[in-house]
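Read the sequence shown against the working numbering and you will find it ends at 80, with the numbers running on by one and no gaps.
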Amino acid sequence: MKIHIVSDLHREFGYNDINLNIADVLVMTGDIDLGVKGINWLKSLCLDIPIIYVLGNHEYYLPENII
């Protein structure tokens with residue numbers, strides 16, 4: 014089994030063009046984007062693999078402009 018671990022993408026500072034469909038399981042280990050934006054982004058990619066999403070401290074930041 015191949016596991017792809019990704020951390021600290023910080024998509025709130027700009028898009029990161031990264032291939033996320035290269036393993037059997039994707040583990041997103043925090044600081045992907047603000048609030049639920051990271052989860053929505055992953056859902057929009059329609060990956061056909063299980064995804065484990067672990068919140069980082071940036072997922073708890075909720076500036077007024079993303080609500």
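All residues carry an ideal CB built from backbone N, CA and C; glycine is no exception.
Which residue wins for smallest C-alpha separation from R24, given the options H17, M14, N53, L39? Relative to the Cα of R24, the nearest Cα in the group H17, M14, N53, L39 belongs to N53.
Given a threshold of 16 other Cβ atoms within 10 Å of its Cβ, counted over all protein chains shown, does M14 qualify as buried or as exposed? Flag for M14 reads exposed.
What did DSSP end up calling H17 once you bin it into helix, strand or coil? Strand.
Between the Cα of E72 and those of K56, G48, S57, I65, spot the shortest distance and give me the residue it belongs to. Taking each of K56, G48, S57, I65 in turn and checking the Cα distance to E72, the smallest one comes out for G48.
Can you tell me whether G51 is buried or exposed? The criterion is at least 16 other CB atoms within 10 Å of its CB, across all chains shown. Under this definition G51 is a buried residue.
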